[in-house]
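Residue numbers 87 to 364, in the working numbering, belong to the letters of the sequence shown in order.
Ideal placement from N, C-alpha and C gives every residue a C-beta, glycine not left out.
The structure displayed is predicted, hence computed values, not measured ones.
Some notes on the structure that comes next.
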Amino acid sequence: MSSSPLSISAAAIRRDYQRQGFHLADAVFTPAEVARLCHEVQGGGAFRSSVTVKELSRDRVRSVYGGLDTSELLQRLVADPRLVLPAMELLDGEVYVYQFKVNMKAPFEGDIWPWHQDYAFWAHLDGMPRPDAVTVTLYLDDVTEFNGPMICIPGSHSAGLYPCVDTDAVRLGVDEAVRQGADVSSKLRYTLEPEAVRSLASDYGLFSARAPRGSLFFFHPNLPHASGNNISPLPRRQIFITYNSVKNTLPRPPTRPAYLVNPDTRPVVPRHEALTEA
Ligand code: SIN
Ligand code: MN
């Protein structure tokens with residue numbers, strides 16, 4: 087795909103992604119676009135998510151999942167060339183939306199995401215054959231040291247899956263763990279063993295994905311990542327879109343619900359359409 091119109095930045099994205107397991111692009115979306123998207127994901131427009139997840143100990147929205155089909159604006163977003171062309175470049179061809187969510191990380195009360203690798207969930211629970219997917223997160227707020235930035239271990243994605251603590255699934259049994267939201271709450275089902283994280287961080291170091299609103303962070307399914315809580319008075323809202331390669335076919339029907347594993351696997355066709363119009 088070297089002839090794509092994004093070929094210069096695409097080469098940089100590919101190089102970063104292969105070496106570090108991520109690529110951070112500063113302020114790609116304009117303040118007006120970000121404002122419009124914020125309004126939409128907070129329910130001010132047509133968007134109605136499929137599922138709302140609350141923080142475990144508080145009556146605060148932690149995340150919303152699914153519901154793309156309710157919003158023309160968000161359908162335009164997932165087809166926006168700034169997102170989907172790099173995804174197609176990284177995955178060597180057509181992609182579809184595997185998962186859509188927004189993490190709210192509310193001021194004072196946004197809870198942690200423990201250390202994990204996304205592919206542990208997709209491989210063990212969904213039967214995804216290979217980690218040939220990419221997640222891009224769009225920052226709706228400035229993300230600083232204060233409001234719980236995502237942190238990760240650059241370069242550690244290349245060795246596959248690391249040992250996990252499977253506490254919820256072991257303690258509760260898989261069905262009960264699912265019922266209690268162990269895939270979506272701050273008590274994630276597959277978290278990395280602290281010793282594995284310690285040793286990886288000492289080999290590779292840590293990276294804090296801080297950037298202004300409108301930025302994009304593309305990351306590999308095997309990249310170990312986490313985030314702390316948000317004790318600041320500022321929100322840290324981020325949209326997450328996971329694109330999967332159309333060649334990375336999952337067993338059918340999906341075992342997890344549509345808000346976690348989108349059954350609509352039609353390829354996204356890149357298209358330029360304004361995000362600031364109704
Ligand atoms: C995730 O791992 O899916 C989200 C991490 C975060 O929002 O900090
Ligand atoms: Mn994750």
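Nearest neighbour of residue i, chosen from the options [CA to CA]
i    : options                   : result
R296 : S313, L309 and D289       : S313
Q203 : G107, L123, F232 and V127 : G107
V150 : Q161, S136, R162 and L160 : S136
R342 : E231, R162, P280 and Y184 : Y184
L123 : P353, V188, V181 and L292 : V188
Residue i - DSSP class collapsed to helix/strand/coil
i    : result
V229 : strand
M236 : strand
S244 : helix
S89  : Because S89 carries a pLDDT of 41, less than 50, the predicted location of this residue cannot be relied on, and the following value inherits that uncertainty. In the structure shown, S89 sits in coil (DSSP, three-state: anything other than H, G, I, E or B).
V283 : helix
D203 : Note that residue 203 is Gln in the sequence shown, not Asp. In this structure, Q203 counts as coil in the three-state DSSP scheme.
G314 : coil
R148 : strand
Y103 : helix
L110 : strand
L292 : coil
S135 : coil
G196 : strand
L160 : helix
L274 : coil
L346 : coil
A173 : helix
Residue i CB to nearest heavy atom of ligand 2 below 7 Å
i    : result
D227 : no
H311 : yes
H202 : yes
Close Cβ partners of residue i (< 7 Å) along its chain, the five nearest in sequence each way excluded
i    : result
V355 : A165
P193 : N316, S318, P319, L320 and P321
G234 : K191, G196, S313, G314, N315, N316 and R322
G131 : H125, S157 and L159
S301 : L110, A111, D112, A113, V114 and Y225
Chain-order list of residues whose beta-carbon lies under 6 Å from that of residue i (same chain, five-residue window excluded)
i    : result
D102 : H109
R134 : G153 and T156
R338 : none
S242 : L286, Y290 and P310
T223 : F303, Q324 and F326
L274 : P200 and H202
Distance cut-off 7 Å: residue i Cβ against heavy atoms of ligand 1
i    : result
N348 : no
Q324 : yes
N189 : yes
W208 : no
M174 : no
M236 : yes
Cβ neighbours of residue i in the same chain (closer than 8 Å, five flanking residues each side left out)
i    : result
H358 : D166 and P167
A206 : L247, C250 and Y276
V332 : G179, E180, V181, Y182, T351 and P353
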